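> Mind having a look at this structure? Questions to follow.
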Amino acid sequence: MAFLEARKLVKEYKRRGVSFRAVDDIDFSIDTGDFVMIEGESGSGKTTFLNLLTGLTEPTSGDVLISGKPLKDIGDEELSKIRNQKIKYIPQGESLLSALTVRENILFPYTVGGLEKPSPERLLEVSDKLGITDLLDEYPSELSGGEMRRATIARAVINKPSLIIADEPTGSLDSANTSRVMEIFKNIASEGTAVIVVTHQKETLGYASKVYGMEQGSLKEAV
Amino acid sequence: MSAIKESFGFGIRNIRKRPYRSFCLMLAAVIGSYALFVGLALKASLNNGIGRMQERMGADLMIVPESSEIEARNILLTGEPEFFYMDVSVAKAVADIEGVECATSQFYFTSLSSDCCSTRVQLIAFDPDTDFVINPWIDERVTSDVAGGSVIIGSEVTSLSNGKVKFYGSEYTVAGKLGETATGLDHSVFMTRDTMHEILNDAKDKGYQFLNPEDDSSWVSTVLIRVTGDADITEVEKEIYKNAEGIKFIETDKLISDVTVKLGSVENIINVTLTVLLVFSFLTMILFFSVIFHERKKEFAVLRILGTSSRRICLFSLTEGITIGAAGGIAGLILGILTVFPFNHYIENSLDVPYLMPSALAVILYGLAGVLVTTIFGSVSSFLSTLSLTHAETYYTMRAGE
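Residue numbers (our numbering), protein chains in the order written: chain X, 3 to 225; chain W, 480 to 881.
And the structure:
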């Protein structure tokens, strides 16, 4: 049984009264240790697909299953716990909480999840790898776009979750930092975490164990 | 418990990080709490005042010279020092009238606000043998006897450091102090006619002549009457008219009902103002919270992505609402205290009706009510503003917040 599975997943939207499928009948699964990358043009439905996988939006039809259990059967409290502890989602754009420092942002999931906080050594290890150790006590408003992005990635990887879903995580990074982040994803996948990355940067596809292409809502494995 | 502690911490961080918005929200709470505290304290003071006035009036009927009704009302209601006189025969005419249970006369004159006197107050000479108005309300008796040059002072009259009061150059021992009456009697000094005679002589020596002191026993300012339980006041008045001329009756019930009518309109103004300010405070808080939370849509979506349940997000926003409501409420209360207490006398004089501050316990309760109401306003408005955000799908909230 795959850790995460999508069955006949469909998401329809209406634009000017006409329905269209942003996600069109997708079957997909990912298991521990898989590093999957999805590429596709803007508007091809990648972000909608990721939001369906994390339960942040509901499918028009079809199911998403986590460890065999349909998301639609999971209540808000339990689903929140899953997002807090097992599935880490890195959305597009900036997603740090402005009232908290970088350190507090990275540790915030532990605050709401009630889990034991990671050791200071683990925090330093992750922040060192992402080059943000000197920024831990800064507020998001004092960071550049790339620094914020790396802080967001640190927040996702620090507790070695079961699944990381990242929507264009390296979009605002230079090539050195892009490589750094991809190495981190590759390493964390080798330690057993499943990773799904959506990207426009074709040069990063080589890090993945499996690559998919998305076009007009359909997902196809690249040969 | 830890969830509440963490939520509170996060709420405080958000408030501190957005000082201008927090200040504006708090201002709405300040207005609500201030209005409630001041409004309740004013209403209680007015009701206390009329209640105490009713309780302490003592007489059912007051006879004054025909042309001095306004002055007599001033003495009773505002404590404005006045003097007027009528022939002592009026007092004698009343004594045997059917329906009169007891009667006593008083003589009014004033002190001055110059070096010769402690302060400008109403001086009232009364007859201890027939009095039924002053003696029952002596709150603090310093010496046992009001005779022999001693006086009784109203609750608002302050004595000299040696415990005496000075009128027209001579000092008089304070025999007792009246409890608060919420009437002009609080600003008056009471004495026997012998002491009055001494003061009138001193006043004459200093060039102030109210009446010829040699002749003062021929005059009174008012005759106070208590009628028997079954007597018809109008009939009593008619009987007195038969024996006395140039007089006017002031019925204390009518005086109180006049004051009550005036009090009613003051109270209506307070009620309307209070309601308007409370509604304004609540609506402003709802509006501010919904605008602020609308602008923070992306933050709420991020919280959901990080695994914060809808319930916990409501708790976060509730702590912000409670903190802002309570802090604004306390600030409003402090502002209210700084208004009501230092300006107590100014308010009393402006309203021109009996005014008596409620007890410390009641004041504390009004303060707590103000803080509680704005805390509820804050929590309800923040909760309502969060509900729509937590019920929408996170994906849409995130996109709407970008």
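The beta-carbon is built from N, C-alpha and C at its ideal position, and this holds for glycine as well.
Just so we're clear, the structure is a prediction, and the values are computed from it rather than from any experiment.
Based on the DSSP output, what are the partners of W:TRP698 in its beta bridges?
The partner list for W:TRP698 (beta bridge, DSSP) reads W:ASP566.
> Output, in sequence order along the chain, the residues in the region 89-101 of chain X whose CB is closer than 7 Å to any CB in chain W.
From the region 89-101 of chain X, only TYR91, PRO93, GLY95, SER97, LEU99, SER100 and ALA101 have a Cβ closer than 7 Å to chain W.
> When you compare each of X:ARG17, X:THR135 and X:GLU123 to X:THR103 by their alpha carbons, which one comes out closest?
Residue X:THR135 is the option with its Cα nearest to X:THR103.
> Given that X:GLY115 touches chain W, what residues does it touch there, using C-beta distances under 8 Å?
Per Cβ cutoff of 8 Å: GLY786.
> Flag W:ARG500 as yes if its beta-carbon sits less than 8 Å from any beta-carbon of chain X, otherwise no.
Not one chain X Cβ lies under 8 Å of W:ARG500.
> Listed in chain order, which residues of the region 14-25 of chain X have Cβ atoms closer than 8 Å to some Cβ of chain W?
Answer set for the region 14-25 of chain X: empty.
> Based on the DSSP output, what are the partners of W:ALA654 in its beta bridges?
Its beta-bridge partners do not exist; DSSP assigns none.
> Quick one: what's X:ASP169 bridged to in DSSP?
Note: X:ASP169 sits in a beta bridge opposite X:VAL200.
> Is the beta carbon of W:THR583 closer than 8 Å to that of W:THR609?
Yes. Within cutoff.
> Alpha carbons only, please: which of W:GLY808, W:ASP665, W:SER858 and W:GLU561 is nearest the one belonging to W:LEU633?
In the sequence on display, residue 633 of chain W carries Gly and not Leu. If we check each option's Cα against that of W:GLY633, W:ASP665 comes out closest.
> Of all the residues that make up the region 503-521 of chain W, which are near chain X by a beta-carbon distance shorter than 7 Å?
Answer in chain order: no residues at all.
> Flag this pair as yes or no: are the beta carbons of W:ILE729 and W:ALA551 separated by less than 8 Å?
Result yes, Cβ atoms of W:ILE729 and W:ALA551 sit closer than 8 Å.
> From the beta carbon of X:GLU144, is the nearest beta carbon of chain W less than 8 Å away?
With 8 Å as the cut-off, X:GLU144 does not count as an interface residue toward chain W.
> Kindly say whether W:THR873, judged by its beta-carbon, lies nearer than 8 Å to any beta-carbon of chain X.
By this cut-off, W:THR873 is an interface position.
> Under the rule that 16 or more other beta-carbon atoms within 10 Å means buried, what is X:ALA168, buried or exposed?
So X:ALA168 counts as buried.
> Taking the alpha carbon of W:MET532 as the reference point, which residue from W:ALA810, W:LYS733 and W:ILE542 has its own alpha carbon closest?
With distances taken between Cα atoms, W:MET532 lies closest to W:LYS733.
> In the DSSP assignment, the alpha helix (DSSP H) including W:GLN533 goes from what residue to what residue?
498-535 is the span of the alpha helix (DSSP H), which, as asked, contains W:GLN533.
> Are the region 178-188 of chain X and the region 124-135 of chain X in contact at 8 Å, needing three or more beta carbon pairs?
Output reads yes: the region 124-135 of chain X touches the region 178-188 of chain X.
> Given a cut-off of 8 Å on the beta-carbon distance, is the pair W:PRO560 and W:GLN585 in contact?
No, the pair does not count as a contact, with Cβ atoms beyond the cut-off.
> So, does the CB of W:SER789 fall closer than 8 Å to a CB anywhere in chain X?
Taking Cβ atoms only, chain X reaches closer than 8 Å to W:SER789, which makes this a yes.
> Can the beta-carbon of W:VAL543 be found less than 8 Å from the beta-carbon of W:PHE563?
Yes, they are a contact pair.
> In chain order, what residues of the same chain lie with their CB nearer than 7 Å to the CB of X:VAL12, ignoring the 5 residues before and after it?
If we look at X:VAL12 and ignore the five residues flanking it on each side, its Cβ neighbours are ARG23, VAL25, ASP26, ASP27, PRO61, THR62, SER63 and GLY64.
> Please list the partners that W:MET836 has in chain X, where partner means a Cβ-to-Cβ separation under 8 Å.
In chain order: nothing, as chain X lies at least about 44 Å away.
> With which residues is X:LYS16 paired in a DSSP beta bridge?
Paired residues: X:SER21.
> Could you give the uninterrupted runs of the alpha helix (DSSP H) lying entirely in the region 654-728 of chain W, keeping only those of 4 residues or more?
Segments of the alpha helix (DSSP H) lying fully in the region 654-728 of chain W: 672-684 and 712-722.
> Would you call the region 779-797 of chain W in contact with the region 213-224 of chain X, where contact means no fewer than 3 C-beta pairs closer than 8 Å?
Touching, no, given that fewer than three Cβ pairs across the two stretches are closer than 8 Å.
> So, do the region 675-683 of chain W and the region 640-650 of chain W have three or more beta carbon pairs nearer to each other than 8 Å?
Result yes; three or more Cβ-Cβ pairs closer than 8 Å.
> Could you spell out the range, first to last residue, of the beta strand (DSSP E) harbouring W:SER829?
Not the beta strand (DSSP E): W:SER829 falls in the alpha helix (DSSP H), residues 823-830.
> Is the beta carbon of W:LEU504 closer than 8 Å to that of W:VAL803?
According to the sequence shown, residue 803 of chain W is Ile rather than Val. It is a contact, given that the beta carbons lie within the stated cut-off.
> Does chain W have any CB closer than 8 Å to the CB of X:LEU58?
Yes, contact with chain W.
> Could you say which of W:GLY627, W:THR752 and W:ILE843 lies nearest to W:PRO607 if we only look at CA atoms?
Nearest C-alpha to W:PRO607: W:GLY627.
> Let me know if X:ARG124 comes out buried or exposed under the rule of 16 or more other beta-carbons within 10 Å of its beta-carbon.
Result: exposed.
> Taking the alpha-carbon of W:LYS777 as reference, which of W:VAL755, W:ILE792 and W:GLY528 has the nearest alpha-carbon?
Comparing Cα positions, the closest option is W:ILE792.
> Between the beta-carbon of W:PHE759 and the beta-carbon of W:PHE689, is there less than 8 Å?
Contact: no.
> Within 10 Å of its beta-carbon, does W:LEU703 have 16 or more other beta-carbons around it, so buried, or fewer, so exposed?
Its Cβ being crowded by 16 or more others within 10 Å, W:LEU703 is buried.
> From what residue to what residue does the alpha helix (DSSP H) around W:LYS733 run?
Here the alpha helix (DSSP H) through W:LYS733 covers 731-774.
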